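In what follows, a single structure is set out as structure tokens and then discussed.
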Amino acid sequence: MKKKEKLKDDYIVRIKKRILRETKDSDKKFKTTFKEIKKYFKIFNKSLFKNKLNPFNDIKIKRIVRGSGQCVEYLSYRKGTTFFVLEMMPKYKNKSEFLNTLAHEMVHLWQQTIMKDTGNHNKLFFSFKPKFKRLNLHLSY
Numbered sequence: 002m003k004k005k006e007k008l009k010d011d012y013i014v015r016i017k018k019r020i021l022r023e024t025k026d027s028d029k030k031f032k033t034t035f036k037e038i039k040k041y042f043k044i045f046n047k048s049l050f051k052n053k054l055n056p057f058n059d060i061k062i063k064r065i066v067r068g069s070g071q072c073v074e075y076l077s078y079r080k081g082t083t084f085f086v087l088e089m090m091p092k093y094k095n096k097s098e099f100l101n102t103l104a105h106e107m108v109h110l111w112q113q114t115i116m117k118d119t120g121n122h123n124k125l126f127f128s129f130k131p132k133f134k135r136l137n138l139h140l141s142y
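Using our numbering, the letters of the sequence shown correspond one by one to residues 2 to 142.
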């Protein structure tokens with residue numbers, strides 16, 4: 002095995018162990034913070050997206066009626082630009098649900114910015130299922 006692949010595999014194993022350790026108390030409520038969002042964005046960007054994702058243009062922690070997170074695309078017709086806003090709930094049932102939601106919304110960002118796709122739950126979206134599984138995450142609708 003090449004040295005670069007070995008380092009990548011070691012990183013994946015370390016992240017998986019970290020996620021397992023931090024989500025051990027699965028019944029404990031999790032309060033969303035900007036610090037945690039930014040920390041795990043970096044981790045998931047490196048382990049799932051090979052550092053190709055640019056951060057969200059804005060992050061909002063707010064109550065969401067249907068769902069637990071959103072990647073919202075805004076179009077500025079005046080400037081002719083688009084920007085992406087991550088919306089996350091203030092509280093989650095547990096840290097595992099928070100991590101799954103953040104990673105899920107990052108896949109939508111990847112679809113729309115890197116792949117120029119619709120951002121729907123399609124074949125391209127679910128192609129991340131094996132990568133999620135390696136990190137002990139669950140990718141679903």
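Even for Gly, the Cβ is constructed at its ideal location relative to N, Cα and C.
The structure displayed is predicted, hence computed values, not measured ones.
Task: Exposure of Val-108, with buried meaning 16 or more beta-carbon neighbours within 10 Å - done: buried
TODO: Just grab the DSSP bridge partners of Glu-88 for me.
DONE: Lys-61 and Gln-71
Task: Those runs of the beta strand (DSSP E) which lie wholly inside the stretch 20-58 and span at least 3 residues - done: none
TODO: Below 6 Å CB to CB, which residues in the same chain sit around Asp-1 once its five sequence neighbours on both sides are set aside?
DONE: Outside the modelled stretch of the chain, which goes from 2 to 142, sits residue 1, for which no answer is possible.
TODO: Excluding the 5 residues preceding and the 5 following Leu-103 in the sequence, name in chain order all residues of the same chain whose CB lies nearer than 6 Å to its CB.
DONE: Tyr-41
Task: Assigned exposure category for Lys-36 - 16 Cβ within 10 Å defines buried - done: exposed
Task: Inter-residue Cα distance where the pair is Ile-115 and Leu-54 - done: 7 Å
Open item on the list: In this structure, how does DSSP classify Thr-82 when only helix, strand and coil are distinguished?
Closed with: strand
Task: Range covered by the alpha helix (DSSP H) that runs through Leu-110 - done: 96-114
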